[in-house]
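Visitor: Pasting a structure below so you can have a look.
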Amino acid sequence: DAKTTQPNSMESNEEEPVHLPCNHSTISGTDYIHWYRQLPSQGPEYVIHGLTSNVNNRMASLAIAEDRKSSTLILHRATLRDAAVYYCILYNNNDMRFGAGTRLTVKP
Amino acid sequence: DSGVTQTPKHLITATGQRVTLRCSPRSGDLSVYWYQQSLDQGLQFLIQYYNGEERAKGNILERFSAQQFPDLHSELNLSSLELGDSALYFCASSVNPLAGGNLGSYNEQFFGPGTRLTVL
Numbered sequence: 021d022a023k024t025t026q027p028n029s030m031e032s033n034e035e036e037p038v039h040l041p042c043n044h045s046t047i048s049g050t051d052y053i054h055w056y057r058q059l060p061s062q063g064p065e066y067v068i069h070g071l072t073s074n075v076n077n078r079m080a081s082l083a084i085a086e087d088r089k090s091s092t093l094i095l096h097r098a099t100l101r102d103a104a105v106y107y108c109i110l111y112n113n114n115d116m117r118f119g120a121g122t123r124l125t126v127k128p
Numbered sequence: 003d004s005g006v007t008q009t010p011k012h013l014i015t016a017t018g019q020r021v022t023l024r025c026s027p028r029s030g031d032l033s034v035y036w037y038q039q040s041l042d043q044g045l046q047f048l049i050q051y052y053n054g055e056e057r058a059k060g061n062i063l064e065r066f067s068a069q070q071f072p073d074l075h076s077e078l079n080l081s082s083l084e085l086g087d088s089a090l091y092f093c094a095s096s097v098n099p100l101a102g103g104n105l106g107s108y109n110e111q112f113f114g115p116g117t118r119l120t121v122l
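For the record, the sequence lines run as chains C and X.
Just so you know, we're using our numbering here: the first sequence kicks off at 21 and counts up by one.
Just so you know, we're using our numbering here: the second sequence kicks off at 3 and counts up by one.
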């Protein structure tokens, strides 16, 4: 199974951009890259997903490397509410496998 | 509020017992997923149902079973409980509009608030 590798933790200052990296060197051609986050004491929530092209939505941007072996979730202006564990997941045929994720701390 | 409801919110029981966790998906969602989140194992996919039928299986123990009913709600049954089964159990739902193939591009999952199970 394709796996993802993320840093255990990252820190950011409030209102600054945050780049959360994810390595997925064994990704297959049909794997979608999904990002979810889990705020304290809540269930995970969807952030963004993509296949090959960069994607933007109201929450974040997803930059996907040309070889698709890595991706970066970009939060353009971190807020205190963005403090969460961010999961990068390769998704194929309903099999969603979460890794350990990156714990993002946002400092005021 | 994701629109997915789970009951009960908390459950405390003893080893060897059996419990049932319930999940109601968002209106219109046909697919239900169950996950277990423990401190040492992280978030693990257990099983998925789509419109009443089992669709995918993850790391689900034989002591655990699930089903999805005609009204699309789902139940996760945990039996012969052990201390190690203490965890947060999440249910998620998604639309799954496609009949087959790679559903990743449409499959945003909406998670419920979870049921915290404590086995003493």
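Built from N, CA and C at the ideal position, the CB exists for glycine as well.
Smallest Cα separation from G60/X: which of Y37/X, T9/X, S82/X?
Guide: Nearest of Y37/X, T9/X, S82/X to G60/X, Cα basis: Y37/X.
Visitor: Could you give the distance in angstroms between the alpha-carbon of N76/C and the alpha-carbon of L95/C?
Guide: Going by the C-alpha atoms only, they are around 10 Å apart.
Visitor: Return no unless some Cβ of chain X is closer than 8 Å to the Cβ of R117/C.
Guide: Yes, because at least one Cβ of chain X sits closer than 8 Å to the Cβ of R117/C.
Visitor: Beta-carbon within less than 8 Å of T17/X's beta-carbon, same chain only, minus the 5 sequence neighbours each way: which residues are those?
Guide: L83, E84, L85, V121, L122.
Visitor: CB Y66/C to CB Y56/C, shorter than 8 Å?
Guide: Yes, these two residues count as a Cβ contact at 8 Å.
Visitor: Spell out whether any CB of chain X is found under 8 Å from the CB atom of Q26/C.
Guide: Not closer than 8 Å to any Cβ of chain X, the Cβ of Q26/C fails to qualify, so no.
Visitor: Distance cutoff 8 Å, beta carbons only. Does A85/C sit that close to anything in chain X?
Guide: Closer than 8 Å: no.
Visitor: R57/C by DSSP, collapsed to three states: which one?
Guide: The answer is strand: DSSP assigns R57/C an E or B state.
Visitor: Which first and last residues belong to the beta strand (DSSP E) in which N43/C is found?
Guide: Per DSSP, N43/C belongs to the beta strand (DSSP E) from 38-43.
Visitor: Is there a Cβ from chain C that is less than 8 Å from the Cβ of P10/X?
Guide: By this cut-off, P10/X is not an interface position.
Visitor: Indicate whether the contact test is met: 3 or more Cβ pairs, each with one atom in the region 27-45 of chain X and one in the region 97-104 of chain C, closer than 8 Å.
Guide: Output reads no: the region 97-104 of chain C does not touch the region 27-45 of chain X.
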